[in-house]
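Colleague: Attaching a single structure in structure tokens format; questions to follow.
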Amino acid sequence: MLNNDVLRSLRYLLDVSDGKLEDFCRLADYAPEPGLISACLLREEDAGYRSCSDVLLAHVLEGLVFHKRGKDDSRPRLPVEKRLSNNLILKKLRVAFELRDDDIQAILQSVDLPMTKAELGALFRAPGHKHYRECGDQILRNFLRGLTLRERGKSD
Numbered sequence: 003m004l005n006n007d008v009l010r011s012l013r014y015l016l017d018v019s020d021g022k023l024e025d026f027c028r029l030a031d032y033a034p035e036p037g038l039i040s041a042c043l044l045r046e047e048d049a050g051y052r053s054c055s056d057v058l059l060a061h062v063l064e065g066l067v068f069h070k071r072g073k074d075d076s077r078p079r080l081p082v083e084k085r086l087s088n089n090l091i092l093k094k095l096r097v098a099f100e101l102r103d104d105d106i107q108a109i110l111q112s113v114d115l116p117m118t119k120a121e122l123g124a125l126f127r128a129p130g131h132k133h134y135r136e137c138g139d140q141i142l143r144n145f146l147r148g149l150t151l152r153e154r155g156k157s158d
């Protein structure tokens, strides 16, 4: 899944402005160049479109975690990932929204993509682990869609 698609999904999911996504970056001690996030939210065929780098998306996700859960200044900060995978994106969203396995299962079930606890656990394992499973684009896309339904449905 393209980082731009993830960024668009997050903006819709959270129902926030481009400026708020920039604020998330600043929470993660990263200042994107002015207009970059807006350019990344454009469609590829639109004039001014820019590709969303792993670094930018990683900082948006890190800032989202801080926005939702707060910063813990008593602990040393881990460096922000320079290379993102769908598995890492899924992990960041799990942390930001404080989701347990049964929450994720319910989210995926709501979009007709049921997974067992073992299948789900494999997505959160370290890449070298023998039971590690790569999170495909379909899983991430459906998870984002289900999370959107869940989060946007809360305010109704």
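The sequence shown begins at 3 in this note's numbering and counts up one residue at a time. Positions of the beta carbon are idealized from the N, C-alpha and C atoms, including for glycine.
Report yes if the CB atom of residue 50 is closer than 8 angstroms to the CB atom of residue 44, and no otherwise.
Modeller: What you label residue 50 is simply residue 48 of the sequence shown in a count that begins at 1. What you label residue 44 is simply residue 42 of the sequence shown in a count that begins at 1. Cβ atoms of residue 50 and residue 44: closer than 8 angstroms.
Colleague: Could you tell me whether the segment 59-74 touches the segment 11-27, where touching means 3 or more Cβ pairs closer than 8 angstroms?
Modeller: A contact exists between the segment 59-74 and the segment 11-27.
Colleague: Can you say whether residue 60 is buried or exposed, counting buried as having 16 or more other CB atoms within 10 angstroms of its CB?
Modeller: Translated into positions along the sequence shown, residue 60 becomes position 58. With 16 or more Cβ atoms within 10 Å of its Cβ, residue 60 is classed as buried.
Colleague: When you compare the CB positions of residue 11 and residue 146, do they come within less than 8 angstroms of one another, or not?
Modeller: Taking the sequence shown and counting its residues from 1, one reaches residue 11 at position 9. Taking the sequence shown and counting its residues from 1, one reaches residue 146 at position 144. Yes, the pair counts as a contact, with Cβ atoms nearer than the cut-off.
Colleague: Taking only the alpha-carbon atoms, compute the straight-line gap between residue 148 and residue 110 and give it to the nearest angstrom.
Modeller: Mapped onto the sequence shown, residue 148 falls at position 146. Mapped onto the sequence shown, residue 110 falls at position 108. Roughly 6 angstroms separates the two Cα atoms.
Colleague: Please indicate yes or no: does the CB of residue 41 lie closer than 7 angstroms to some heavy atom of the ligand NAD?
Modeller: Among the components of this structure there are no ligands whatsoever, and the ligand NAD is therefore not found.
Colleague: Compute the Euclidean distance between the alpha carbons of residue 21 and residue 6, then round it to the nearest angstrom.
Modeller: Here the question's residue 21 lines up with position 19 in the sequence shown. Here the question's residue 6 lines up with position 4 in the sequence shown. Between residue 21 and residue 6, the C-alpha separation is close to 16 angstroms.
Colleague: With distances taken between CB atoms, is the gap from residue 144 to residue 115 smaller than 8 angstroms?
Modeller: By 1-based counting over the sequence shown, the position of residue 144 is 142. By 1-based counting over the sequence shown, the position of residue 115 is 113. Contact flag set, yes.
Colleague: How would you write the range of the alpha helix (DSSP H) that residue 8 sits in, first residue to last?
Modeller: As a first step, residue 8 is located in the sequence shown; it is residue number 6 there, counting from the start. Start and end: 5-16.
Colleague: Take the Cβ of residue 47 as the centre, count every other Cβ of all protein chains shown within 10 Å, and call the residue buried at 16 or more, exposed below.
Modeller: Mapped onto the sequence shown, residue 47 falls at position 45. Counting Cβ neighbours within 10 Å, residue 47 comes out exposed, since fewer than 16 surround it.
Colleague: Starting from residue 123 and walking both ways along the alpha helix (DSSP H), at which residues does that stretch end?
Modeller: Counting from 1 along the sequence shown, the entry for residue 123 is found at position 121. From DSSP, the alpha helix (DSSP H) with residue 123 extends over 119-125.
Colleague: What residue range is occupied by the uninterrupted alpha helix (DSSP H) comprising residue 24?
Modeller: Against the sequence shown, residue 24 aligns to sequence position 22. Start and end: 20-29.
Colleague: Could you give the C-beta distance for residue 98 and residue 70, rounded to a whole number, given that I count them as a contact under 8 angstroms?
Modeller: By one-based count along the sequence shown, residue 98 stands at place 96. By one-based count along the sequence shown, residue 70 stands at place 68. With 8 angstroms as the limit, residue 98 and residue 70 qualify as a contact, their Cβ atoms being about 5 angstroms apart.
Colleague: Which residues in the same chain have their Cβ closer than 8 angstroms to the Cβ of residue 82, if we skip the five residues on either side of it in sequence?
Modeller: Taking the sequence shown and counting its residues from 1, the one referred to as residue 82 is at position 80. Only 30, 32, 57, 60, 61, 64 meet the Cβ criterion.
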